[in-house]
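Step one of this worksheet: look at the structure below.
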Amino acid sequence: MNERSGKLPVHGRLHHVATVVHDLDAAVRFHREVLGLPLEQIADVPSQEVRIAFLTAGESKIEIVAPTTETSGVARYLASRGEGFHHICLEVADIGAELARLAAAGVQLINDAAVPGVEGPVAFLHPKSCSGVLVELIEAPGGPAWSRLGLVETQRGE
Ligand code: ZN
Numbered sequence: 000m001n002e003r004s005g006k007l008p009v010h011g012r013l014h015h016v017a018t019v020v021h022d023l024d025a026a027v028r029f030h031r032e033v034l035g036l037p038l039e040q041i042a043d044v045p046s047q048e049v050r051i052a053f054l055t056a057g058e059s060k061i062e063i064v065a066p067t068t069e070t071s072g073v074a075r076y077l078a079s080r081g082e083g084f085h086h087i088c089l090e091v092a093d094i095g096a097e098l099a100r101l102a103a104a105g106v107q108l109i110n111d112a113a114v115p116g117v118e119g120p121v122a123f124l125h126p127k128s129c130s131g132v133l134v135e136l137i138e139a140p141g142g143p144a145w146s147r148l149g150l151v152e153t154q155r156g157e
């Protein structure tokens, strides 16, 4: 424990690791029944042509993504690379400030401003700038992008 524990977000906390699969229901069943992880939610994301599930894994989560069309970016990724690891997501206090800092440092951004995600404001960094790993940033609840994007924090399990 230190003075940063409690309500203050810790910069860089691993929010989730995401995988892509063909069959979301089968993957959720495996994670719940075999790995023993609680299901937090399943959501349709029509704008991305995917269905996603979030499962709790201690302080972090596992996101499972499955395409709902054959034309989405995730469907093309799945067709070329198969099932498996897709991205990591790190939590930051102020996503706008963090994107500005990273852009100034020469990091290639996929989103130069936060967009609404299922769990809050998010933005992606290009794998070319991140050792080949697709990196997502998510702003901690209560950060400035939440109100700017009109997002409302939904309390779960508290
Ligand atoms: Zn994600």
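Numbering of the sequence shown is given in numbering that gives the first Met the number 0, commencing with residue 0 and proceeding in unit increments.
Idealized CB from N, CA, C, for every residue including glycine.
From a predicted model like this one, the values you see are computed outputs, not experimental measurements.
Nearest-angstrom Cα separation, counted from residue j out to residue i
| i | j | result |
| --- | --- | --- |
| VAL73 | ALA112 | 21 Å |
| GLU32 | ALA26 | 10 Å |
| SER4 | THR70 | With a pLDDT of 45 at SER4, under the threshold of 50, the modelled position of this residue cannot be trusted, and the question is left open. |
| SER130 | THR18 | 18 Å |
| PHE29 | ILE51 | 15 Å |
| GLY149 | THR67 | 26 Å |
| LEU13 | ALA92 | 13 Å |
| THR55 | ALA102 | 31 Å |
| LEU89 | GLY11 | 5 Å |
| PHE123 | ILE109 | 5 Å |
| SER46 | PRO120 | 15 Å |
| ILE61 | LEU34 | 12 Å |
| SER59 | VAL114 | 21 Å |
Residue i, enclosing alpha helix (DSSP H) - first and last residue
| i | result |
| --- | --- |
| LEU98 | 94-103 |
| SER146 | 143-147 |
| ASP111 | Note, ASP111: premise wrong, no alpha helix (DSSP H); not H, not E. |
| LEU23 | 23-28 |
Range of the contiguous beta strand (DSSP E) that encloses residue i
| i | result |
| --- | --- |
| ALA65 | 59-66 |
| VAL91 | 83-91 |
| VAL121 | 119-124 |
| ARG50 | 49-56 |
| ASP43 | 38-44 |
| ALA139 | Neither: ALA139 is in no beta strand (DSSP E) and is coded neither H nor E. |
| VAL16 | 13-19 |
Proximity test, residue i beta-carbon vs the ligand GDP heavy atom, cut-off 6 Å
| i | result |
| --- | --- |
| ALA17 | With respect to the ligand GDP, the structure shown offers nothing to examine, as its ligands consist of the ligand ZN. |
7 Å Cβ shell around residue i - same chain, five flanking residues per side excluded
| i | result |
| --- | --- |
| HIS21 | ALA65, LEU77, GLU82 |
Close beta carbons around residue i, own chain, < 6 Å, minus the five adjacent residues each side
| i | result |
| --- | --- |
| HIS86 | ALA17, LEU133, GLU135 |
Own chain residues within Cβ distance below 8 Å of residue i, not counting five before or after
| i | result |
| --- | --- |
| VAL117 | GLN40, ALA42, VAL44, ILE51, PHE53 |
| GLU97 | VAL91, LEU136 |
| PRO126 | VAL132, LEU133, VAL134 |
Distance between beta carbons of residue j and residue i, contact taken as under 8 Å
| i | j | result |
| --- | --- | --- |
| ILE94 | GLY142 | 7 Å |
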